[in-house]
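Adding 23 to a residue's 1-based position in the sequence shown gives its number in this note's numbering.
Yeah, the Cβ is synthetic: ideal placement off N, Cα and C, and Gly gets one too.
One structure below.
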Amino acid sequence: MQPPSPPRLAMARHRRRPQPVPSAPAYLSTALSVLALAALVYSRTAFPRFPNQPATRRCRPDAEGSWSAGVFLGDSPFSLKPIEHWRTSSDGGAAWPVANPAVTCADVAEAGFPSSFVDNPFLFIQGDAIYMIFETKDPVTSQGDIAAAVSKDAGATWQQLGVVLDEEWHLSYPYVFSYENKTYMMPESSKNGNLRLYRAVDFPLKWKLEKVLLEKPLVDSVIINYQGSYWLLGSDLSSYGAKQTGELCIMYSSSPLGPWTPHKQNPIRNVDNMSSARNGGRPFIYNGNLYRIVKDRGGGSGHSIKMFKVEVLTANEYKEFEVPFVLEKPLKGRNAWNGVRSHHLDVQQLPIGKLWIGVMDGDRVPSGDSVHRLTIGYMFYGVTSILVLLLGGLIGAIKCTLPLRWHLPHTEKRSDSFNIGQQFFLYHKFSSLISYVNKLGSLIGGRINYRTWKGRVCIAGIILILVVLTCIGTHYIYGGNGSEDPYPIKGRYSQFTLLTMTYDSRLWNLKMFVEHYSKCTSVREIVVVWNKGRPPVQGELKSMVPVRVRVENKNTLNNRFNIDREIKTRAVMELDDDIMMTCDDLERGFKIWREHPDRIVGYYPRLAEGRPLQYRNERYARQQGGYNIILTGAAFMDYGLAFKRYWSKEAEIGRQIVDTLFNCEDVLLNFLFANASSTSTVEYVKPAWAIDMSKFSGVAISRNTQAHYLVRSKCLAKFSEIYGNLTAKRLFNSRGDGWDV
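Shown next as structure tokens:
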């Protein structure tokens with residue numbers, strides 16, 4: 024008996040005659056255009072992408088994060104502080120102090136070795152040269168290799184030497200030590216199933232396999248000479264249940280070359296914390312005591328470092344206990360380069376002086392964070408797409424009517440009647456679902472009349488929701504973890520002091536100002552010059568960096584440039600408390616200033632021209648193609664150079680004019696810079712976006728723009744008589760990086 028043929032006539036009865044679909048009204052097309060434009064503008068302003076970004080932006084973190092290495096100094100291994108706290112200077116025009124991270128994957132990439140990962144750094148000291156041997160990861164193969172860098176200024180700057188050891192398997196944890204005037208390295212090679220020892224043929228560039236120490240895949244292994252014996256400590260991940268934390272194994276020998284005898288207590292189980300079985304750096308001896316650095320929470324992505332003091336280490340017994348070890352915590356939390364996690368530290372005493380130097384790895388992106396953010400971001404995009412379709416249905420621009428044109432496929436086999444019956448059942452279920460969808464489309468279609476004012480208000484409300492959802496989705500997808508990376512100069516980072524001048528009527532501006540800018544990566548300290556009224560009390564300003572309120576005795580604009588011996592950085596960013604811009608804008612301006620530390624680098628250009636000189640705004644300056652003044656209400660400058668010039672004998676008359684007019688202190692500084700140099704003394708950086716909060720408070724000095732410009736034109740005339748004319752121009756879009764257009 025043949026199975027019945029598909030009911031084509033019945034299917035035909037369900038078909039509907041095609042109906043013309045009305046063209047989308049202008050409101051829908053406008054809505055979609057606004058939505059796309061909002062997403063584009065938001066992604067370009069909140070997360071700007073620039074044409075010639077430095078290598079640090081091209082060095083994309085992998086799924087494990089964006090690990091890098093930093094340098095610490097201290098009087099002992101237990102009093103280490105980041106190198107920026109030692110006010111270490113460097114050459115090449117870079118601002119001081121030099122700041123962490125000291126070595127990043129971008130540094131390795133610039134040396135010609137693609138990298139997405141730098142961690143597990145070890146130190147090796149030869150005379151005045153300090154070598155850092157570390158793991159770097161190839162972004163294409165995701166294989167770990169061993170790279171090296173050298174510093175000859177106590178860790179302030181590092182010259183990249185590139186990859187020095189590359190095997191066919193993953194390498195990491197390059198423990199380096201010397202024995203009998205030879206240098207050895209024992210990297211982790213657990214992927215190859217053994218533990219290998221390499222000898223330097225040409226340190227640190229060339230290594231030769233000396234021998235296989237153990238046919239066992241130990242990880243994070245170290246060798247130390249203690250009480251007349253050599254001790255090898257490593258973690259075995261091969262046993263059941265030890266994949267992440269490992270089991271600490273100890274072996275001993277009369278030579279680091281072996282043979283090795285297992286400890287009788289193997290595997291060593293840490294009674295205090297099972298997650299502390301893995302080494303987190305080189306064991307060290309301090310005041311006659313042996314200390315072991317361990318990874319907290321275990322695994323290759325441990326979140327912090329712990330210190331254990333070894334109480335007993337013999338062939339038959341091993342005892343250790345945890346001791347306090349507190350590094351100075353990054354004030355910016357996850358906005359700091361090691362604010363999220365770190366899992367490795369190597370400390371050694373410098374041969375000159377009594378200082379100890381340490382290198383530590385760190386990361387600001389937690390594992391899985393990118394996946395989490397992408398998931399949430401695309402969920403918001405999905406909801407936005409559904410709302411767009413719903414909006415189209417509500418105004419009748421989209422007809423949600425699905426045609427019933429599907430039919431069951433023919434089968435050549437006569438014995439498939441059961442399968443055909445099952446297909447008919449699924450078909451009818453599917454037809455019912457389509458019918459329900461069509462009914463829903465009929466209920467939704469044309470519910471909003473976009474020709475009435477009520478309908479337009481409703482559409483505008485939905486469009487606003489769409490814009491908000493799109494911006495939120497864009498923020499999650501492109502926003503990373505919320506921290507803005509600094510821009511290096513020749514692989515070096517630094518910090519600056521943020522200085523603002525205000526008074527009691529603008530306290531609400533100041534609170535937002537401090538909370539926002541304290542999160543910016545390169546801001547070391549915020550100095551508030553308080554000109555008038557009751558200053559804020561301690562704790563009233565929420566900040567991630569130290570905030571110092573400097574109360575002045577006299578209300579004068581000259582206070583902005585008062586000599587302040589407590590400023591600890593060469594760079595000062597003068598920024599009005601009512602100007603809000605992104606941290607990335609600050610970081611870009613800081614990079615440009617570090618390239619031109621003899622100039623005023625800022626975000627608001629002005630043009631002084633004509634006879635008599637007239638003060639012109641940015642729009643006019645762009646029309647004329649140049650500028651010769653940078654407002655110091657948002658500008659970087661050399662603290663020593665600028666403040667010294669402002670309080671020089673030469674500037675005394677200018678300061679009196681500033682006091683008389685209560686204006687023009689920034690114009691005066693521009694004249695002083697221009698008078699001291701025949702070359703360009705100003706540099707412009709265009710912010711992605713900036714908001715003048717004074718427009719909302721009504722307390723701005725310059726709220727009457729016309730009167731303000733007249734006063735400034737008067738200043739130009741007086742300063743020109745004293746300090747000479749100010750007519751030199753620079754063209755916009757002249758740097759080549761696109762940051763001034």
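State the DSSP-derived secondary structure class of residue i, mapped to helix, strand or coil.
{"i": "G405", "result": "helix"}
{"i": "S91", "result": "strand"}
{"i": "Y253", "result": "strand"}
{"i": "S212", "result": "coil"}
{"i": "G97", "result": "strand"}
{"i": "N748", "result": "coil"}
{"i": "G496", "result": "helix"}
{"i": "F755", "result": "coil"}
{"i": "D600", "result": "coil"}
{"i": "W119", "result": "coil"}
{"i": "R479", "result": "helix"}
{"i": "L218", "result": "strand"}
{"i": "W109", "result": "helix"}
{"i": "F742", "result": "helix"}
So residue i is in the alpha helix (DSSP H); what residue range does that whole segment cover?
{"i": "R617", "result": "C606 to E618"}
{"i": "C128", "result": "C128 to E133"}
{"i": "I676", "result": "E675 to L684"}
{"i": "N693", "result": "E688 to N698"}
{"i": "E6", "result": "For residue 6 there is no data in the structure shown, the boundaries of the chain being 24 and 764."}
Starting from residue i, trace the beta strand (DSSP E) both ways and give me its first and last residue.
{"i": "N143", "result": "V141 to Q149"}
{"i": "E632", "result": "P628 to E632"}
{"i": "L664", "result": "That residue, L664, is in no beta strand (DSSP E); its alpha helix (DSSP H) goes Y662 to Y669."}
{"i": "Q372", "result": "L368 to Q372"}
{"i": "Q288", "result": "Q288 -> no beta strand (DSSP E), and no H or E assigned at all."}
{"i": "N361", "result": "Neither: N361 is in no beta strand (DSSP E) and is coded neither H nor E."}
{"i": "Q182", "result": "Q182 to L188"}
Whose CA, out of the options, lies closest to the CA of residue i?
{"i": "N576", "options": "I169, K555 and M567", "result": "K555"}
{"i": "T592", "options": "A117, G97 and K355", "result": "A117"}
{"i": "Q679", "options": "S99, W616, L580 and A170", "result": "L580"}
{"i": "V411", "options": "R668, N339 and I485", "result": "I485"}
{"i": "G419", "options": "K377, E270, G625 and I467", "result": "I467"}
{"i": "I247", "options": "V186, L228 and Y207", "result": "Y207"}
{"i": "S89", "options": "S102, K160 and R529", "result": "K160"}
{"i": "I488", "options": "R617, Y404, P210 and N143", "result": "Y404"}
{"i": "T180", "options": "E191, N204, A170 and Y154", "result": "Y154"}
{"i": "R735", "options": "K239, N640, V480 and F453", "result": "N640"}
{"i": "H367", "options": "I471, P558, I156 and L188", "result": "I156"}
{"i": "D243", "options": "E211, N123 and G649", "result": "E211"}
{"i": "F140", "options": "T127, R557 and I148", "result": "T127"}
{"i": "H619", "options": "L664, G135 and M524", "result": "L664"}
{"i": "V406", "options": "W379, K477, T475 and T493", "result": "T493"}
{"i": "K287", "options": "Q250, Y732 and L271", "result": "L271"}
{"i": "K614", "options": "L691, A594, R629 and L598", "result": "A594"}
{"i": "H150", "options": "G478, D682, F95 and A177", "result": "The residue asked about is misnamed: residue 150 is Gly in this sequence, not His. Minimum Cα distance to G150 is reached at A177."}
{"i": "L702", "options": "K332, D621 and Q183", "result": "It should be noted that the sequence gives Thr, not Leu, for residue 702. For T702, the nearest C-alpha among the options comes from D621."}
For residue i versus residue j, is the C-beta distance shorter than 7 Å?
{"i": "L218", "j": "L241", "result": "yes"}
{"i": "L533", "j": "D601", "result": "no"}
{"i": "G167", "j": "S195", "result": "yes"}
{"i": "D369", "j": "L146", "result": "yes"}
{"i": "I328", "j": "G303", "result": "yes"}
{"i": "V572", "j": "V551", "result": "yes"}
{"i": "A172", "j": "V186", "result": "no"}
{"i": "F519", "j": "M596", "result": "yes"}
{"i": "S541", "j": "S566", "result": "yes"}
{"i": "A132", "j": "G93", "result": "no"}
{"i": "D130", "j": "G759", "result": "no"}
{"i": "L765", "j": "A674", "result": "With the chain covering only 24 through 764, there is no way to say anything about residue 765."}
{"i": "C606", "j": "C543", "result": "yes"}
{"i": "Y202", "j": "P279", "result": "yes"}
{"i": "K807", "j": "E334", "result": "Outside the shown range of the chain (24 to 764) lies residue 807, about which nothing can therefore be said."}
{"i": "A657", "j": "Y650", "result": "no"}
{"i": "S99", "j": "W379", "result": "yes"}
{"i": "Y221", "j": "L232", "result": "yes"}
{"i": "F536", "j": "I586", "result": "no"}
Can you give, in chain order, each stretch of the beta strand (DSSP E) that sits fully within the stretch 529–582 and has at least 3 residues?
-> 546–553 and 570–574
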